[in-house]
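Protein chains in written order, with this note's numbering: chain A, 3 to 115; chain B, 7 to 120. The C-beta atom is built at its ideal place from N, Cα and C for all residues, glycine as well. Worksheet: the structure to be examined is printed underneath.
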């Protein structure tokens with residue numbers, strides 16, 4: 003089955019700097035890659051997603067890139083702010099798998115003022 | 007629009023006891039998923055309902071776990087008897103379409119088995 007590896011497990015950045023989280027997946031049939039953010043004590047929320055027919059997607063300070071050949075995708079956060087502090091999860095799924103998401107282990111991001 | 011709700015938010019039980027978790031998906035969402043996060047590891051898929059039918063239960067750990075979704079609305083996940091390794095956060099998520107569609111997560115139920 004699908005296996006998703008996520009790095010780093012923790013990431014500390016100064017406010018205003020950029021943060022990058024990387025994920026690799028094993029199943030070349032995976033074609034949908036969402037990113038979830040979970041703030042302390044809250045539910046995981048989708049922040050951005052990308053499909054396999056797209057190489058990059060941006061939404062304000064957040065961007066995701068996908069390299070299908072290498073089977074990895076990354077989340078980029080620019081101009082980080084304290085409210086970006088959270089656990090970020092990458093995930094992958096296959097269209098034929100009825101939406102079952104395979105998650106990475108999560109990255110704890112801490113933005114220090 | 008109300009989001010996905012889960013009850014209880016926390017549960018502390020002793021090994022061997024029974025616990026039932028409940029999930030109310032967003033109204034109109036036919037797809038309901040259960041996931042679990044154990045000890046800071048990845049969020050792992052448990053099972054998927056389409057309406058009242060189990061579409062995929064490949065992630066269920068063993069036969070101590072029983073999920074139901076009678077009537078295709080809310081779902082329950084019962085653990086009987088609970089073991090120490092069942093401790094973790096149980097998330098429910100729902101979506102309108104099964105594939106490549108946003109899954110909306112509930113706040114989770116934090117289960118601690120002593």
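- Kindly confirm or deny that the segment 29-38 of chain B and the segment 38-47 of chain A touch, where touching means at least three C-beta pairs closer than 8 angstroms. Cβ pair count under 8 angstroms is below three, so no.
- Query: Hey, residue 93/A and residue 106/A: beta-carbon distance below 8 angstroms or not?
  - Reply: The answer is yes: Cβ separation under 8 angstroms.
- Query: Over what stretch of residues does the beta strand (DSSP E) that includes residue 74/A continue unbroken?
  - Reply: 74-79
- Can you list the residues of chain A that residue 61/B reaches, using a CB-CB cut of under 7 angstroms? 100
- Roughly how many angstroms separate the alpha carbons of residue 119/B and residue 59/A, rounded to a whole number? Each residue's Cα considered, the two are about 42 angstroms apart.
- Hey, is residue 46/A's beta-carbon within less than 8 angstroms of any beta-carbon in chain B? yes
- Query: Quick one: which chain A residues come within Cβ less than 7 angstroms of residue 47/B?
  - Reply: 107
- Item | Residue span of the beta strand (DSSP E) that contains residue 86/A, given as start and end | It is not in any beta strand (DSSP E) - residue 86/A carries neither H nor E in the DSSP assignment.
- Task: Please state if the CB of residue 112/A and the CB of residue 14/A are separated by a distance shorter than 8 angstroms.
- Result: Yes, Cβ-Cβ distance for residue 14/A and residue 112/A is below 8 angstroms.
- Task: Could you have a look at residue 123/B and say whether DSSP puts it in helix, strand or coil?
- Result: The requested residue 123/B is not part of the displayed model; chain B covers only 7 to 120.
- Query: What residues in its chain sit with their C-beta under 6 angstroms from that of residue 67/A, if we drop five residues either side in the sequence?
  - Reply: 58 and 76
- Message: So with CB distances below 8 angstroms, who are the chain B contacts of residue 77/A?
- Response: What residue 77/A touches in chain B, judged by beta-carbon distance under 8 angstroms, is nothing: the nearest beta carbon there is about 16 angstroms away.
- Message: Using only CA atoms, which one of 47/B, 45/B, 64/B and 59/B lies nearest to residue 53/B?
- Response: 64/B
- Item | Where residue 101/B falls: helix, strand or coil (DSSP) | Note: residue 101/B maps to strand in three-state DSSP.
- Item | Beta-carbon proximity list for residue 11/B, same chain, < 8 angstroms, skipping 5 on both sides | Here the set comprises 29, 30, 112 and 113.
- Query: Leaving out five residues before and five after residue 75/B in sequence, what residues of the same chain have Cβ atoms less than 7 angstroms from its Cβ?
  - Reply: Answer for residue 75/B: 38, 55, 58 and 81, listed in chain order.
- Message: Run through chain B and tell me which residues come within less than 9 angstroms of residue 62/A, C-beta to C-beta.
- Response: None at all; the shortest Cβ gap to chain B is about 18 angstroms.
- Item | Burial state of residue 109/B (16 or more Cβ within 10 Å) | buried
- Task: May I ask you to report which of helix, strand or coil DSSP gives residue 97/A?
- Result: helix
- Query: To which residues of the same chain is residue 10/A closer than 7 angstroms at the C-beta, ignoring the five residues directly before and after it?
  - Reply: Closer than 7 angstroms at Cβ, skipping near neighbours: 109.
- Going along the chain, which residues of its own chain have a beta-carbon closer than 6 angstroms to the beta-carbon of residue 23/B, five neighbours each way excluded? 88
- Task: With a 10 Å radius around its C-beta and 16 neighbouring C-beta atoms as the bar for buried, classify residue 28/A as buried or exposed.
- Result: exposed
- Task: Could you pull out every residue in the same chain whose Cβ sits closer than 6 angstroms to the Cβ of residue 16/B, ignoring the five residues on either side in sequence?
- Result: 116
- Task: Please say whether residue 41/B and residue 2/B have beta carbons closer to each other than 8 angstroms?
- Result: Not covered by the structure: residue 2/B. The range shown for chain B is 7 to 120.
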